[in-house]
Every structure is written in C-alpha cells, then in structure tokens.
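Numbering (the numbering used here), first residue to last: 49 to 779.
Presented below is the structure to which this report refers.
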Ligand code: ADP
Ligand code: MG
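Given below as structure tokens:
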C-alpha cells in the first residue's frame, strides 16, 4: 500500500534547519496495525504527516499503490488525502459548536453524500463508539475520551484505506486510552492503521508492527505478525459536496454560535448604514448642485413648464388660449408669462420681500388663512411654511397693505392688500407668489416689458442712455426733457429735435419717432410734469402715455403652459406645434453654471465612494477576520477533512451572505419605519429621500461582492500553506 524509500523531511524555520525525519525506509500494508514510538522530537509526527500527505517531503520517494508521489502538487496531495487518509489527532480536531452527530455527518456531507442516505450509517457508528446517548450533545460538552471517540467515529466513517492517528490517547486516562485503542483495532480490521503512542504496553497485544524512532531515523522495526496484503484496495469515493448541503452547512454555521452571529450582524449593519449614508449624502450634495443650475431669464425652471410663442411671431389671442386649453395634458396657462420670471418686492414699514405676481385665475386649492380678494387691490399670498420671515409674523402680513415697487427704480407703483394666505405643498418654498386680479397684471405688464427690453434712444445723432417715463402732461408724439441738454446744440436749439426710441426684447421690436416739445428746469418742473423731485429726473425723457404703451404695453407674445404630467411633456409639445405654436421646455434654457462644480462633485463622489468602500472593506475585513479567527479551526478542520478551496469559500460565502442579508433587511426595515413616520428621525428622513430602488440594489450588490471578497480572502488564508502549517498556526 505505502512504501517509503529514503524519505527525508527538513524544516527550515527562520534560518534554522531542523531535521524532521532522515532517510526513512518503510513498507506498510493494508490490515496492519502499525505502532510508532520514540521520545519526543524523534520525528514520529513528521513521519505521520508525510504519510498523510498533510506535509511535504524533500528527499526520497513515497509510493502509494506503487505510484511515485515526489512530483505531487499541493492539489494532488489533497486528492490523495481525500481518497486514502483519515486522521485522528491528539487534540481531536472536532467542531466544538457542532453536535456529535453533526461532526460525523460533516465528513459525509463533504464527501458529497446525500443527507437522506447517511442517517442510519451515522447512528450506527455512534452506537459502535458508544455515544448514542450523546448524539445530540455539542462536542464542547464532552469529556476527552468521548471526544476522541467522536474523532475515531469520524475517521472510520470516512471509509478510507488508511487511518493515521497521532497520539490519540495522549490526553486520556489509562482506562479510556485502552478502550480507544481496542475500538480502533476492532473497527479498522482491514485497514492500515498507523498510530503513534508513548505507551507501548497499551498497544502490544494489537500491534502487528512496532517501529521505534530516534532523532528522525527508524532505529528498530519489529514485525510481530506478518500480514498478506489484499490486492484490491478500496479507494474512498470522494465526490463534490452537493449545493444543498453547502447551503445547509452555511445556514448551520450562521446561527450555531450566537455571539459570532451577533458580532457579524453588527459589522454588516455598520457597513450597510455607512454605505447608504455615504451614498445618500453625496446624492444630497449633487442634488443641491443640481438645483443651483438656473436660467438667466427664467426664474421658474420647473420641469412642467413649456414656453410657447406663435409660429408667425404675432401676439396671442383669446382663440389661441382656448385651443391650448383643449389639450388634455395642459394644467393651466400663464398668459403673461413674463410675470413668472420677474419678481417684485412688497414693502411695508420694516417688512419687505420679493415674489412673483400671478393671475388669480391660476390660483388652485384653498386659502389657509384669511379670505378671497374682493377687489383689484387685494391679493392672496402663497408661501412655504418654512419661509419663517413671513410665517413667523403672519399678524404683520395678513390684512396689511403693502406697496409694490418698481424693480428698476424702486419707486412705489401700487398698493396691494394681502387678504388671504395659502401654504405651499412644499414647506421649503421660499418664493412667494402674489395672486392678483388681471387688472393689476395689465398695469404691471408695461413695466415688466420695459425692464426686459433693450432701449435704444437716438438723440442728437448719438445713442444715449436715458430713462423713459409716461406723463399725462406730454402730448402724443412729443418728448419733454432736461433743459441743460440744449447746450449740446448749435444756438441751443433743442425744440423740435428728433428723438427715435426703439424697444427690443426677445418677443418684439417697436420703434417710435418723437420730437422734443419742451424742456424742464428746476423752476418749471412741477408745472410741466406734475411731479416734485426734479433731481431724480435729470436723465428722464417724459413721453405721452399712449406712446409709452405702444412701446411697452403689448399683449402677450410669449405665454407659458404648465403640464399635469411632465413625463409626457414631449407629446404635449408636439400637440402645441400642431396648433401653430413654437414650444420649448423651460428646462432647455437652464443655464448650468454649476457644471464644473457638479463635475467636481461627481469626481469627488466617485473617489470618496471608492475610498470609503475600500476603507470600509478593510475595517470590515479586519473585524470579520477577528471574528472569524475562532472559525479558523473550523475551516482548517474542514480542509483536513478534504474540503476544497472552493467548498470552503462557498460555505463561508453562504454564512456571510445570510448574515449580511439579514443585516441589510433590518436596515431597510428601519428606513421603512422612518419613511412611514412610525419612527421619527429627521436626519435619516432627509437622507433616504435620495435613495431609490436603484440605490438600494446597488448597495446590496456592493455588500454582496464585499462578502464574496471577504470569504475569498479568508479561504485563501486557510489554503496559503500546507494543511499542517496552517493547522499548527491555528491550534
Ligand atoms: P515527535 O512527534 O516525535 O515529537 P516531531 O516529528 O514533531 O517529533 O519533530 C521532529 C523534529 O522536527 C523535531 O526536532 C522538531 O523540532 C522538528 N519540527 C517538527 N515540526 C517542525 C516545524 N513545523 N518547524 C520546524 N521544526 C519542526
Ligand atoms: Mg508529535
């Protein structure tokens, strides 16, 4: 069966060389019961380990069934051990957290046997070693003798031709030792048993061969009984462990040590939470960057707003609006869409705030405080609850009269009374809306148009920068201006000089030609204009109200429509095109001046995410490694029992996978509780707003691969050296 020719094993340890065994010649047959003795350090264990394929050898040759093994790789030896060798160790090498039954079952599961076929076999062997009463007892609760019986049962049930036992009785009292040896002899009749012991008397009556070792050499080999080897050697059939059994072991390992389960659970909890908060806070940052993208011309860049113009550039008519209203996805139309984008301030005593004036026709919902307006000078204010400047002093707002100011010169235009307040759905709406009567809007429209227009005034053959104001005292086609301007002309002849004014904006261009009819001085200013503050108007051209209106009081050239469902906004735009309108989403005008900022955020996000994941991975790995340290013995034992790298990785995978998934599910449950307001944590609520299904899935995948990496690294460690080296390190 086994033949060793001049086999030597040398240990190199930190520069020191030690001889394990030197030039050992030995032949071992099936049916033999070989006992090896010798003082400590004589090389007995080394010899057994070489025979078992747990350790390599440097010189000579070992034949298994006549085949050389000197060229064997680590993998070949694994294979050899699976087929031929069952080990019994001095320190039992059992899984303490498993029951007797589970310990014995383990080897059969690893051999790929089906659970249903093995129950009887296991109970049989447990009976044979006399442990039936303890079959469901955890091994950690057994005495040394009982443990060794389990180890023997496990070695026997593996059903290999060779059983190797290194001082199996070393830790036992005499009586137990005798029982163990007798048991071993009885159940291993046709096998080759190689056993190390110090106590020759105990084994003399069973041994067929007694080998004495000294200083790495065999000094005597006493063949007590000649054995004729049976030619048909039964290799042990070793199949792959079934997927189902891998899962069973994974599940068993997940829960069988409570403290380990809890610790791992907490680590994964920490990982999941850290991943998710890290991700969410970056989403938050990105989102804030997103919102800071604004349009120069448009204050409202919400994604349900479409700008419309007529294809022939003319002003909108009531028929146009009627047709637009016929489109199903249209929520409402803002005819004077300039008002959406132009803000006015309302002033009163020490209070002042900006907002948009909107047509009361577009007011939706109920008034939360106060009442509806009854006349042209009353308005409704709509504001988010968190606009504390206003909401903290409702008394100073509701029912009070404010002056609306001209944004260009901050002159008072009109007085408006806030009679009703509506809170926006969005508490964070910091952009007040003033819902006013159509008449007020009409009055303000000219002003808005003027503010939005590029004014060109050609006077004295030069373009000049003057303000234009309507004045009732000026006749149509005339201009009244500052008397000092006459000094620019020959003979100071300014009367009847031409003034050409053109106003152009993105919607229209309008020109009028006027003539200077009079000039004002400090003394006649009031008489000519009806106004008082002469100093304020030195740069103003006063023109007739009609002329003024022809420049600025235009009916709408651009309106906005708001759609109900912004997801089908493209279709709505097509429908608008079909009725002769040019339609453009306001979001297309979004000037993204935060593009670089966003780019930087993106890069930082990617880098930080990677760094965080790497750091988290290593923290988790270190913690998991510490936690799994107690599992090294378990997995090394699995390896000793013949589990492959892949098997071990997979079994650990399953355990970590179950644990991490449970952790992750707990986190999701908690988030659910926060979202449904059963648990109230503002900070988390804000963050989880930025997590969607996609993020949850991504996080789970990251967790999944972290687990895979962890188990891979761990399994690699278990396999980084020969089984013996690893075992020595761990035990
Ligand atoms: P025994 O089992 O008879 O007590 P061993 O086979 O364990 O003896 O040891 C034989 C010799 O090999 C001893 O001198 C021991 O120091 C050396 N040895 C055993 N294992 C190692 C090892 N892992 N590294 C270095 N030297 C070792
Ligand atoms: Mg030893």
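Beta carbons: idealized from backbone N, C-alpha and C, even for Gly.
Since this is a predicted model, take the numbers as computed values, not measurements.
One thing to note: residue 143 has its Cβ no nearer than 8 Å to the Cβ of residue 212. Of all C-beta pairs linking the segment 458-467 to the segment 422-430, three or more are shorter than 8 Å, placing the two stretches in contact. Around the C-beta of residue 246, fewer than 16 other C-beta atoms lie within 10 Å, and the residue is accordingly described as exposed. Distances taken from the Cβ of residue 207 to the heavy atoms of the ligand MG include none shorter than 7 Å. Assignment of beta-bridge partners to residue 752 by DSSP yields no partner. By the CB criterion at 8 Å, residue 691 and residue 158 fall inside the cutoff. Listed in chain order, the beta strand (DSSP E) elements of length 3 or more contained wholly in the segment 259-306 are 265-271. The beta carbon of residue 518 sits closer than 6 Å to the beta carbons of 593, 596 from its chain, once the five residues preceding and following it are set aside; these are given in chain order. Separation of the CB atoms of residue 628 and residue 361 is rounded to 11 Å, and the pair is thereby denied contact status at 8 Å.
With 16 or more other Cβ atoms inside 10 Å of its own Cβ, residue 236 counts as buried. Proximity to residue 177 across 349, 195, 748, 162 peaks at 195, based on C-alpha coordinates.
Look at residue 255 here: in three-state DSSP terms it is coil, with no helix or strand label.
Runs of the beta strand (DSSP E) spanning 3 or more residues and lying entirely within the segment 574-632 occur at 588-591, 606-611, in chain order.
Contact between the segment 289-309 and the segment 116-133 is absent: fewer than 3 CB-CB pairs across the two stretches fall below 8 Å. DSSP assignment within the segment 461-518 yields the following whole alpha helix (DSSP H) runs of 4 residues or more, N-terminal first: 486-500.
Here residue 164 is not near residue 107, since their CB atoms are 8 Å or more apart. Beta-carbon to beta-carbon, residue 69 and residue 57 are separated by about 5 Å, close enough to satisfy the 8 Å threshold.
Taking all protein chains in view, the Cβ of residue 420 is surrounded by fewer than 16 other Cβ atoms within 10 Å, so the residue is classified as exposed. Between the ligand MG and residue 221, a heavy atom-to-CB distance of less than 7 Å is absent. When DSSP states are grouped into helix, strand and coil, residue 156 belongs to the helix group. No heavy atom of the ligand MG is found nearer than 7 Å to the CB of residue 697.
If you measure from each CB to the nearest heavy atom of the ligand ADP, the residues under 5 Å come out as 59, 61, 66, 68, 88, 89, 90, 91, 92, 93, 94. The three-state secondary structure of residue 450, taken from DSSP, is strand. Excluding sequence positions up to five before and after residue 99, its CB lies within less than 7 Å of the CB of 50, 212, 242, all in the same chain and listed in chain order. DSSP, read as helix, strand or coil, puts residue 736 in helix. Nearest in C-alpha terms to residue 253, of all of 238, 634, 239, 230, is 230. Residues of the same chain with a CB within less than 6 Å of the CB of residue 109, apart from the 5 flanking positions on each side, are 53, 116, 118 in chain order.
A direct Cα-to-Cα measurement between residue 766 and residue 683 gives close to 7 Å. In the three-state reduction of the DSSP assignment, residue 747 falls in the helix class, which pools H, G and I. Here residue 471 is buried, its C-beta having at least 16 other C-beta atoms within 10 Å.
Leaving aside the five residues that flank residue 309 on each side, the residues in its chain whose CB is nearer than 7 Å to its CB run, in chain order, 302, 303, 707.
Judged by pairs of C-beta atoms under 8 Å, the segment 376-385 touches the segment 597-613, as three or more such pairs exist. For residue 61, the secondary structure class from DSSP, reduced to helix, strand or coil, is strand. The secondary-structure analysis by DSSP pairs residue 552 across a beta bridge with 502, 557.
When secondary structure is reduced to three states using DSSP, residue 107 falls in the strand class.
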